[in-house]
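This note's numbering applies: residue 504 is where the sequence shown begins, and numbers increase by one. Don't be surprised by glycine CBs; every beta carbon is placed ideally from N, CA and C. Everything on this sheet refers to the single structure shown next.
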Amino acid sequence: MAQTAPRPGTPLQGPGAPATRTAPATPDVFGPRAHTIARWTLAVVLGLVYGYWAAAINRDAGPITGWNVLFGLVTAFVFAVLHLAVQTVAPRLRRELHSALWAAFTGCAFGFLYSQGGDSVVMSTMLSLVIAAAVLVATFYRYYTHEDATGHRLA
504 MAQTAPRPGT
514 PLQGPGAPAT
524 RTAPATPDVF
534 GPRAHTIARW
544 TLAVVLGLVY
554 GYWAAAINRD
564 AGPITGWNVL
574 FGLVTAFVFA
584 VLHLAVQTVA
594 PRLRRELHSA
604 LWAAFTGCAF
614 GFLYSQGGDS
624 VVMSTMLSLV
634 IAAAVLVATF
644 YRYYTHEDAT
654 GHRLA
């Protein structure tokens, strides 16, 4: 026999339910602790992927050396720290600066990876600016449609 779930705030009924107990409200599965763990995990995983990618580009199909591994680990650490810093600072800014900070971070990260391939600084800079401009437009559109002018989420 199918039973309906009790609505939050209504008394539970049935053979073993106390009369004063009410159904719990929606569980807070994604509370502050889960968001903190996800934020750190995302930064570490993205940092490791970025560091491996930078080391692989820098290695240029040669043998894996200790310096190459160290380069990858340092790059991963720096990327993860900067990513956490941007994640911490950006939401406190107005939407224009919020999107500009993410665009600058993404453009610099892309430019560094592209420069590891051995192309010229001018080409690396130009492509970084193109990527940063695309990220700026996309993030500004997202924040413009989801936040008010002071940075508070719309209901």
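Boundaries (first-last residue) of the alpha helix (DSSP H) holding Thr544: For the purposes of this step, residue 544 is taken as residue 41 along the sequence shown, with counting starting at 1. Pro535 to Arg562 is the extent of the alpha helix (DSSP H) around Thr544.
With distances taken Cα to Cα, identify the nearest neighbour of Ala546 among Gln590, Arg536 and Ala559. What you label residue 546 is simply residue 43 of the sequence shown in a count that begins at 1. Residue Gln590 is the option with its Cα nearest to Ala546.
Could you check what DSSP says for Arg597 in three-state terms: helix, strand or coil? Looking up residue 597 in the sequence shown gives position 94. Coil.
Would you check if there are 3 or more beta carbon pairs closer than 8 Å linking the region 540–559 to the region 576–585? yes
Per DSSP, Arg656 is paired with what? Within the sequence shown, the letter at position 153 stands for residue 656. Note: Arg656 sits in a beta bridge opposite Glu650.
Can you name the start and end residues of the alpha helix (DSSP H) that Val589 belongs to? Against the sequence shown, residue 589 aligns to sequence position 86. Element bounds for Val589: Gly569 to Val592.
For the 8 Å Cβ check, are there 3 or more pairs between the region 626–644 and the region 604–615? yes
Considering only their Cβ atoms, is the gap separating Leu604 from Leu616 smaller than 9 Å? Position 113 of the sequence shown holds residue 616. Position 101 of the sequence shown holds residue 604. Cβ atoms of Leu616 and Leu604: not closer than 9 Å.
Let me make sure I understand the geometry here. Which of Leu551, Leu585 and Leu630 has the alpha-carbon closest to that of Leu573? As a working note, residue 573 is residue 70 in the sequence shown. It is Leu551 whose Cα lies nearest to the Cα of Leu573.
Spatial neighbours of Ala583 within its chain, please: CB distance less than 6 Å, with the 5 preceding and 5 following residues excluded, ordered by chain position. Looking up residue 583 in the sequence shown gives position 80. For Ala583, where only same-chain residues beyond five positions count, the Cβ hits under 6 Å are Ala546, Val547 and Gly550.
Would you mind sorting Ser623 into buried or exposed? The rule is 16 or more other CB atoms within 10 Å of its CB. As a first step, residue 623 is located in the sequence shown; it is residue number 120 there, counting from the start. It is exposed - the Cβ of Ser623 has fewer than 16 other Cβ atoms within 10 Å.
How would you call Gly614, buried or exposed, if buried means at least 16 neighbouring beta carbons within 10 angstroms? As a working note, residue 614 is residue 111 in the sequence shown. By the 10 Å Cβ count, Gly614 comes out buried.
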